[in-house]
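The sequence shown begins at 17 in our numbering and counts up one residue at a time.
A virtual CB, placed ideally from N, CA and C, is assigned to each residue, including glycine.
What follows is a short report on a single structure.
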Amino acid sequence: MAGKITALKRQVKRKDRVSVFIEGEYAFSLMESAAAVLSPGQYLSDEEIDRLQQADLYQKAYHQALRYLGIRARSQAEMEQYLTGKDYPPAVVAATLARLQREGYLNDADFAGAWVDSRGRLKPKGKRALQYELKQKGIANELIESALAGLDEENLAWAAVESRLSRWKNLDDDRLKQKVWGFLARRGFDYEIARLTYEKVRAVLSNQDD
Numbered sequence: 017m018a019g020k021i022t023a024l025k026r027q028v029k030r031k032d033r034v035s036v037f038i039e040g041e042y043a044f045s046l047m048e049s050a051a052a053v054l055s056p057g058q059y060l061s062d063e064e065i066d067r068l069q070q071a072d073l074y075q076k077a078y079h080q081a082l083r084y085l086g087i088r089a090r091s092q093a094e095m096e097q098y099l100t101g102k103d104y105p106p107a108v109v110a111a112t113l114a115r116l117q118r119e120g121y122l123n124d125a126d127f128a129g130a131w132v133d134s135r136g137r138l139k140p141k142g143k144r145a146l147q148y149e150l151k152q153k154g155i156a157n158e159l160i161e162s163a164l165a166g167l168d169e170e171n172l173a174w175a176a177v178e179s180r181l182s183r184w185k186n187l188d189d190d191r192l193k194q195k196v197w198g199f200l201a202r203r204g205f206d207y208e209i210a211r212l213t214y215e216k217v218r219a220v221l222s223n224q225d226d
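The following block contains the structure:
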């Protein structure tokens, strides 16, 4: 719809967008930053309108991605799935991902390291569980291995069970073993870590009884 711009009006519900009116009729909307180069009386050809709308789509995807990142950090696969789910064309998704990577907002190595660190502080889990979670986030195997290198599963397992000792202090050995091993298995710890942790729990609870 080529023609002369007759009005530029900031939208009421979306104040970051501006409605563009051509020849007295609503034509399309742009982000405020893109609309800043326009002015009433300016003539727009069909080609110019197409370029403006295409550029606006890229900007819209970028800002929507930033809002998504504002909730928590994301892996590249998560972000790709999110933008695709918002019906952005593949070219827009690819360009947005590339820009986010260039600007440091998307980095799967950093994401994996931060995920492992957060789990260790808030909800300790074993390597098996962490590997599964990171694979679900689309993290490459070599980055997962790097993030898990040096992980002290014995300390993590103890951190996971320590707050539960008061609940288990009156259990007999068989029931205690069942509780400790079952809990750690669900947290992704292997047999040997579960065995060592059970022995430590048993010793600590025995000392409390003395």
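Could you check what DSSP says for residue i in three-state terms: helix, strand or coil?
i: Ile209; result: helix
i: Gly19; result: strand
i: Arg88; result: coil
i: Glu63; result: helix
i: Leu138; result: helix
i: Tyr104; result: coil
i: Ala52; result: coil
i: Lys25; result: strand
i: Tyr121; result: coil
i: Glu41; result: strand
Quick check: residue i and residue j, are their CB atoms within less than 8 Å of each other?
i: Ile209; j: Leu200; result: yes
i: Gln27; j: Ser55; result: no
i: Tyr104; j: Met95; result: no
i: Leu159; j: Val217; result: no
i: Leu212; j: Glu170; result: yes
i: Asp66; j: Met47; result: no
i: Arg203; j: Ala145; result: yes
i: Val34; j: Ala43; result: no
i: Ser61; j: Ala23; result: no
i: Asp206; j: Gly142; result: yes
Contact defined as beta carbons within less than 8 Å: I believe residue i pairs with residue j. What is the distance between those atoms, to the nearest angstrom?
i: Gly154; j: Ala93; result: 2 Å
i: Leu150; j: Ala128; result: 6 Å
i: Ala81; j: Val132; result: In fact, because the Cβ distance is near 24 Å, the residues do not count as touching under 8 Å.
i: Lys20; j: Ile38; result: 7 Å
i: Gly136; j: Leu172; result: 6 Å
What number of angstroms, rounded off, separates the C-alpha of residue i from the C-alpha of residue j?
i: Leu99; j: Val108; result: 9 Å
i: Tyr214; j: Trp184; result: 11 Å
i: Val53; j: Gln69; result: 13 Å
i: Thr111; j: Gln117; result: First, the residue type needs correcting, since residue 111 is Ala and not Thr in the sequence shown. About 10 Å.
i: Trp197; j: Asn157; result: 28 Å
i: Leu167; j: Asn123; result: 21 Å
i: Ala301; j: Lys29; result: Examination of residue 301 is not possible in this model, given that the chain is present from 17 through 226 alone.
i: Asp32; j: Trp174; result: 50 Å
i: Leu113; j: Tyr121; result: 9 Å
i: Gln58; j: Glu64; result: 11 Å
i: Gly86; j: His79; result: 11 Å
i: Gln75; j: Arg115; result: 11 Å
i: Ala77; j: Pro106; result: 11 Å
i: Arg191; j: Ala165; result: 33 Å
i: Ala125; j: Ala89; result: 12 Å
i: Gln147; j: Ser91; result: 14 Å
i: Asn223; j: Ser179; result: 17 Å
Uninterrupted alpha helix (DSSP H) stretches inside the region 142–183 (no shorter than 4 residues): Complete alpha helix (DSSP H) runs here, min 4: 143–152, 157–164, 169–178.
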